[in-house]
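Using my numbering, read the sequence shown as starting at 202 and increasing by one per residue.
In this text, a Cβ means the ideal position worked out from N, Cα and C, and glycines have one as well.
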Amino acid sequence: MNNVQLIGRLTRDIDLRKTPQGDSVGRFTLAVDRNYKNKQGEYDADFINCTIWRGAADILARYAQKGTKIAVDGNIRTGSYENQQGQRVYTTEVYVNNFYFVESRSQRNDQGPASSNFGNSNYNNQTSQQNNYSFNNDFNQSSSPFEDFNGSSVDISEDDLPF
């Protein structure tokens, strides 16, 4: 079984790109605190490289920025390549299947100067007391549920929002 679950903060904004076939791919690093303190009484962190695909990558890139706390589940992928010096470099990363926002939108906005303009679009970003906004990236789907979405704003008024 190859399954990973992590909770951490984004160390930078999502690096969102398109493949030649038009699929979105996002890369990011998640800072995950260890569950014990070091000699200075502080928690060290591990920095985990992650990759997310298709519609999930688009949504995460749109609603998350550096410092956003998220949970991810996925699987570990290893690989290798030869660098410019001819040395073999081994890689380990998490391929994200699902992600969840673990803080409310207001908690995320209170983090400091980083902010996002959500406009009228509020896909998958409903506030609840416990949190947990989620997105499931189903890799077995033959077509994306966002295929027909042209990227324009969703017509939602303030009165339609549950918060």
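Item, Value
"R278 - containing alpha helix (DSSP H), residue span", "Not the alpha helix (DSSP H): R278 falls in the beta strand (DSSP E), residues 270–283."
"Neighbour-count burial assignment, I208, 16 or more Cβ in a 10 Å radius", "exposed"
"Distance between beta carbons of Y291 and T279, contact taken as under 8 Å", "7 Å"
"C-beta atoms of Y244 and D234 nearer than 8 Å", "yes"
"Where the beta strand (DSSP E) through A232 begins and ends", "225–238"
"Of the residues D224, T220, A272, G227, the one placed nearest N299, counting alpha carbons only", "A272"
"Nearest to N204 (by Cα), restricted to the options Y301, G275, E304", "G275"
"Span of the alpha helix (DSSP H) around D245", "Counting along the chain, D245 falls outside any alpha helix (DSSP H), though it belongs to the beta strand (DSSP E) covering 244–254."
"Which residues DSSP lists as bridging E294, in chain order", "R278"
"Within 8 Å, strictly: CB atoms of T252 and R289", "no"
"Per-residue burial, T220 [other beta carbons within 10 Å of its own, 16 or more giving buried]", "exposed"
"Environment of Y264 [buried if 16+ CB atoms lie within 10 Å]", "buried"
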